[in-house]
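Letter 155 of the sequence shown, counting from 1, is numbered 1320 in the numbering used here, and no numbers are missing. We treat Cβ as the ideally placed atom computed from N, Cα and C, and that holds for glycine. A quick note: this is a predicted structure, and the numbers were derived from the prediction, not measured.
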Amino acid sequence: MKILLIIIFLLISYADISAQSGKLFNIEHKTLTTYFNEDVKNQFKRRSTYFYEDENYIVKKTCRGEWGGSIIFKNKKTELEYFCSATCPVAVNKIDGKYIVSTTLPHMDGDCAILQIDHPDSMAVFVLPKSENGFIPFGQPGSSSYIGRKVLLDTGRVLILASFPYEGKLYHITTDGEKTYVSKLENKSLVNLDPISNEPLWTFNQDSFETIDDHYITFFRDRDGINGYLDMTGNKISVIRFWR
């Protein structure tokens, strides 16, 4: 009887260790026999034509590179727009009723931030800058307002390609300039969970979106100039590369 109990204990311990050491996401790589062109992006049916949209808000973004940017929430009922400073947003996700904005700036060594907005209507009211001789001042309108936002992360030498939810938690596709990972936010730091690629995957023309069938898509280019995209759905991440 004692031997049987020992065996059962060992089996339970082994199962627990195996579960902890297993990867959270299933990652697969595919190379297509077709060439990349911009029309490829049109094959996906986007959930919204806007940067982000839910039942209450339409969300837009601005990016002025090293000069900053903003995230703009338009209340569907009042049609008022609210905004705050956010340097080049790449994704908006709603987690536990709060809007989480991921931003990234591929300038110099690169940096990224994750912002939390509990109530968009508490941010500053958006007013388009006055034109000067018929022209709006340099670039797209940015924002220097920090009202209504909370900074969860602000760090350098890391870029965020995309952010997506899985089982009620938010995960991020990140690169440190050497490799690409699935990461999560923990104690104001990005913790790498699973490696996706042994090289950096990135693009300066970032296009990340959700489809009507709950896939999260983001396009990239690798260090060899090969175009591709990441497809995240559930715990599956597909790294799709085109022939050229």
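Do Thr1320 and Cys1253 have their CB atoms nearer than 8 Å? Reading the sequence shown from its first residue, position 155 is the one you call residue 1320. Reading the sequence shown from its first residue, position 88 is the one you call residue 1253. Not in contact: Thr1320 and Cys1253 (Cβ atoms no closer than 8 Å).
Where Ser1267 sits in the DSSP three-state scheme: For the purposes of this step, residue 1267 is identified with residue 102 of the sequence shown, where counting begins at 1. It is a strand residue.
Taking the C-alpha atoms as reference points, what is the distance between Ser1186 and Leu1293? Locating residue 1186 in the sequence shown gives position 21, where the first residue counts as 1. Locating residue 1293 in the sequence shown gives position 128, where the first residue counts as 1. Low local confidence applies: a pLDDT of 36 at Ser1186 is under 50, so the model's placement there is unreliable, with the coordinate-based value given in what follows. Near 51 Å, if we compare the C-alpha coordinates of Leu1293 and Ser1186.
Taking 7 Å as the cut-off, is the C-beta of Thr1320 nearer than that to any heavy atom in the ligand GDP? Only the bare structure without any ligand can be found here, which leaves the ligand GDP out of the picture.
If we call anything under 8 Å between Cβ atoms a contact, is Tyr1331 one with Asn1258? Mapped onto the sequence shown, residue 1331 falls at position 166. Mapped onto the sequence shown, residue 1258 falls at position 93. No, these two residues do not count as a Cβ contact at 8 Å.
Using the Cβ count rule (16 or more neighbours within 10 Å means buried), how would you classify Phe1385? Taking the sequence shown and counting its residues from 1, one reaches residue 1385 at position 220. Per the 10 Å Cβ criterion, buried.
Alpha-carbon to alpha-carbon, Thr1198 and Val1266: Here residue 1266 is taken as the residue at index 101 of the sequence shown, counted from 1. Here residue 1198 is taken as the residue at index 33 of the sequence shown, counted from 1. When only Cα atoms are considered, Val1266 and Thr1198 end up about 35 Å apart.
Is Ile1402 closer than 8 Å to Leu1350 when the C-beta atoms are compared? Here residue 1350 corresponds to residue number 185 of the sequence shown, with the count starting at 1. Here residue 1402 corresponds to residue number 237 of the sequence shown, with the count starting at 1. No; because the gap between Cβ atoms is not below 8 Å, this pair is not in contact.
For Gly1275 and Ala1251, which I take to be in contact (beta-carbon distance under 8 Å), what is that distance rounded to the nearest angstrom? For the purposes of this step, residue 1275 is identified with residue 110 of the sequence shown, where counting begins at 1. For the purposes of this step, residue 1251 is identified with residue 86 of the sequence shown, where counting begins at 1. At roughly 16 Å, the Cβ-Cβ gap does not stay under 8 Å, so Gly1275 and Ala1251 are not in contact.
Based on DSSP bridge pairs, tell me the residues matched to Met1397. Sequence index remark: in the sequence shown, residue 1397 carries index 232 (1-based). Beta-bridge pairing links Met1397 to Tyr1381, Ile1402.
For Trp1367 versus Leu1395, is the C-beta spacing smaller than 8 Å? In the sequence shown, counting from the first residue as 1, residue 1367 sits at position 202. In the sequence shown, counting from the first residue as 1, residue 1395 sits at position 230. No, these two residues do not count as a Cβ contact at 8 Å.
Have a look at Ile1237 and Gln1281 and give me their C-alpha separation to the nearest angstrom. Start at 1 with the first residue of the sequence shown, and residue 1237 comes out as number 72. Start at 1 with the first residue of the sequence shown, and residue 1281 comes out as number 116. Approximately 13 Å between the Cα atoms of the pair.
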